[in-house]
Amino acid sequence: MAILLPLQFYNLTAGVGKSFYENLTGGVNASVTVNNTGPAAVSLVITRVNAPVLTYVIPANNSLSISAGAVLVFALLANQGGDATGTIEVALQ
Numbered sequence: 001m002a003i004l005l006p007l008q009f010y011n012l013t014a015g016v017g018k019s020f021y022e023n024l025t026g027g028v029n030a031s032v033t034v035n036n037t038g039p040a041a042v043s044l045v046i047t048r049v050n051a052p053v054l055t056y057v058i059p060a061n062n063s064l065s066i067s068a069g070a071v072l073v074f075a076l077l078a079n080q081g082g083d084a085t086g087t088i089e090v091a092l093q
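Under UniProt numbering, the first residue of the sequence shown is numbered 1, with each subsequent residue one higher.
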């Protein structure tokens, strides 16, 4: 059964990053949905157990949903192009 965590709103100034989910005890299978409603792109950074860090750039007024195994951290980074705003939601499997 999946556990849906509460919807979180983000408002990051250019060049600032923030972690929105952390499980540093071994990782978990999880899905994330990022809605970027701001005027600039935002990067989703995924850190997994014994795997390279993945980074996905989400352009302005777009969204991305992705699932990954052994997730340690889901974080967002506002690119240098401007402030990033929107929502992020995590589901644990």
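Cβ coordinates follow ideal geometry from the N, Cα and C atoms, glycine included.
Quantities reported herein were computed from a predicted structural model and do not represent experimental measurements.
Residue from the options whose Cα sits closest to the Cα of residue i
i          : options           : result
residue 43 : 6, 93, 81 and 4   : 81
residue 73 : 30, 21 and 56     : 21
residue 50 : 64, 59 and 70     : 70
residue 91 : 78, 32, 75 and 17 : 32
residue 29 : 86, 59, 58 and 48 : 48
residue 67 : 61, 45, 77 and 85 : 45
Helix, strand or coil at residue i [DSSP, three-state]
i          : result
residue 24 : coil
residue 79 : coil
residue 84 : strand
residue 12 : strand
residue 2  : coil
Buried versus exposed call for residue i [16 or more other C-beta atoms within 10 Å across all chains shown]
i          : result
residue 15 : exposed
residue 55 : exposed
residue 7  : exposed
residue 53 : exposed
Practice task
With a floor of 3 residues, list each beta strand (DSSP E) that falls wholly inside the stretch 20-67, ordered by position along the chain.
Solution key: 28-36, 42-48 and 54-58
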